[in-house]
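Protein chains in written order, with the numbering used here: chain R, 85 to 235; chain L, 85 to 235. The C-beta atom is built at its ideal place from N, Cα and C for all residues, glycine as well. Note that the structure is a prediction, hence the values are computed from the model and not measured. Worksheet: one structure, shown below.
Protein chains: 2
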Amino acid sequence: MTKKFPSPEAIAAWARLVRVSRQLVERTEDALKANGLPPLAWYDVLHELAEAGEGGLRPFELIDRILLAQYSVSRLLARLEADGLVEKLPVSDDGRGQTVRITTSGREMRRRIWAVYGASIADQMGDKLSAQDLKTLASLLGRLRNPPISD
Amino acid sequence: MTKKFPSPEAIAAWARLVRVSRQLVERTEDALKANGLPPLAWYDVLHELAEAGEGGLRPFELIDRILLAQYSVSRLLARLEADGLVEKLPVSDDGRGQTVRITTSGREMRRRIWAVYGASIADQMGDKLSAQDLKTLASLLGRLRNPPISD
DNA sequence: TCCTTATCGATGCAATTGCATCTATATGGA
DNA sequence: TCCATATAGATGCAATTGCATCGATAAGGA
């Protein structure tokens, strides 16, 4: 960690970034709760698994994609399985592991969550900034990532 | 909640925003932990109280400034008090309430946290974007806020 | 004054999270 | 083959969080 201090612009941008993202996520979580739906993290997993298709994903692959701790994923999957939204299959060539696949009702739940989640994104982002501004925003944010995304 | 779907640009910007802010905050929290310092939330409170000066702040005023639930603030203040970083004073004209004031060691702790926090902001934001880009970013984010900030 | 309602802050309890560690299997070298 | 080490995933326990509610004081109207 370099020993130095941030510019006023960096501080202002940081504060905005942290505040705004918290507010947006919170509003979305509230909307989900209000509709009796599970938290965003569930969507993230269901989304990744839906993308992965029939082959499913190993839990450790999921850890890379959604950024959660190993134990968080382990428990999240246990809850999803208990709700019948995913199924765990033993994997032939690695006795330690398993493959997680989304079920039909998992896909159904994903759709129901998206109805609320997508609307929340539209309300909170699409309605506030033009397509051009959204691209600029994404690009600037991409440069903050680690590793940065140039696009 | 309007029933509609977000544009691809809105989805991309949302994903970036959520991911990047999570990553940045996480790295900062890790840096604090690595230096044996308390979480960011402590800094937020100490910062607000330092700004407020001798008069201190009522807990409910703190709730407005840092966006935390009432019970979170109540417990956070209890921990800060237990660590001698803040002190609670009865308030004369309202028997229900109290005034919270930062102590000398609270100011000291704030400085120590800032040494790490500020460096993290500089590393993660100041070094990645120009002052102009940081202003653009803050401005775009401001328009996502509720209520929006025009600047 | 009395009563109803609102506000301030704390807290019991259940659920969730974080940390450390565990079990089981895999891998690679002697 | 045997052993040391690494990786996959689960879990016990303590700390933290979220929800609901509580106790206490305040405010406002009848």
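Inter-residue Cα distance where the pair is residue i and residue j
i, j, result
"A203 of chain L", "Q154 of chain R", "28 Å"
"I197 of chain R", "P92 of chain L", "18 Å"
"L151 of chain L", "D177 of chain R", "49 Å"
"R191 of chain R", "L141 of chain R", "15 Å"
"K88 of chain R", "A206 of chain L", "7 Å"
"P231 of chain R", "Q208 of chain L", "11 Å"
"G137 of chain R", "P122 of chain L", "42 Å"
"Q107 of chain R", "S105 of chain L", "12 Å"
"L46 of chain R", "D128 of chain R", "Lying outside 85 to 235, the shown extent of chain R, residue 46 of chain R is not represented and no answer is given."
"R62 of chain R", "E113 of chain R", "In the structure as shown, chain R begins at 85 and stops at 235. Residue 62 of chain R is therefore absent and cannot be evaluated."
"V102 of chain L", "E171 of chain L", "35 Å"
"R159 of chain L", "K212 of chain L", "36 Å"
"S156 of chain R", "L225 of chain L", "30 Å"
"S223 of chain R", "A199 of chain R", "26 Å"
"N119 of chain L", "G168 of chain L", "20 Å"
"L146 of chain R", "E135 of chain R", "12 Å"
"A215 of chain R", "E110 of chain R", "23 Å"
"S189 of chain R", "V175 of chain R", "22 Å"
"I233 of chain L", "M193 of chain L", "32 Å"
"A166 of chain L", "L124 of chain L", "17 Å"
"Y201 of chain L", "L218 of chain R", "28 Å"
"R227 of chain R", "D235 of chain R", "9 Å"
"R100 of chain L", "R100 of chain R", "15 Å"
"R229 of chain L", "R229 of chain R", "22 Å"
Under 7 Å by beta carbon: chain R residues contacting residue i
i, result
"E93 of chain L", "A215, L218 and K219"
"K87 of chain L", "A203"
"V104 of chain L", "L225, L228 and R229"
Cβ-Cβ separation, residue j to residue i (assumed contact under 8 Å), whole Å
i, j, result
"L130 of chain R", "P143 of chain R", "With a Cβ gap of about 14 Å, L130 of chain R and P143 of chain R do not count as contacting."
"R195 of chain R", "L133 of chain R", "The Cβ separation is near 14 Å, so there is no contact."
"L164 of chain R", "W126 of chain R", "7 Å"
"T220 of chain L", "T220 of chain R", "7 Å"
"G210 of chain R", "P90 of chain L", "5 Å"
Residues that residue i contacts on chain L, provided the C-beta gap is smaller than 7 Å
i, result
"A97 of chain R", "M209, L218, L221 and A222"
"P122 of chain R", "Correct list: empty, because the minimum Cβ distance to chain L is about 17 Å."
Within chain L, partners of residue i - CB distance below 8 Å
i, result
"V109 of chain R", "V102"
heavy atom of the ligand HEM below 7 Å from residue i C-beta
i, result
"L151 of chain L", "The model on display carries no ligand, and the ligand HEM is accordingly not part of it."
Proximal chain R residues relative to residue i, where beta-carbon distance stays under 9 Å
i, result
"P232 of chain L", "K212"
"L151 of chain L", "R103, R106, Q107 and E110"
Under 8 Å by beta carbon: chain R residues contacting residue i
i, result
"E206 of chain L", "The question names Glu, but residue 206 of chain L in the sequence shown is Ala. Correct list: T86, K88, F89, P90, S91 and A94."
Next item on the list: With a floor of 4 residues, list each alpha helix (DSSP H) that falls wholly inside the stretch 123 to 187 of chain R, ordered by position along the chain.
Entry: 124 to 136, 143 to 149 and 154 to 166
Next item on the list: Would you check if there are 3 or more beta carbon pairs closer than 8 Å linking the stretch 90 to 108 of chain L to the stretch 179 to 188 of chain L?
Entry: no
Check: What runs of the alpha helix (DSSP H), each 4 residues or longer, lie entirely inside the stretch 89 to 129 of chain R?
Finding: 92 to 118
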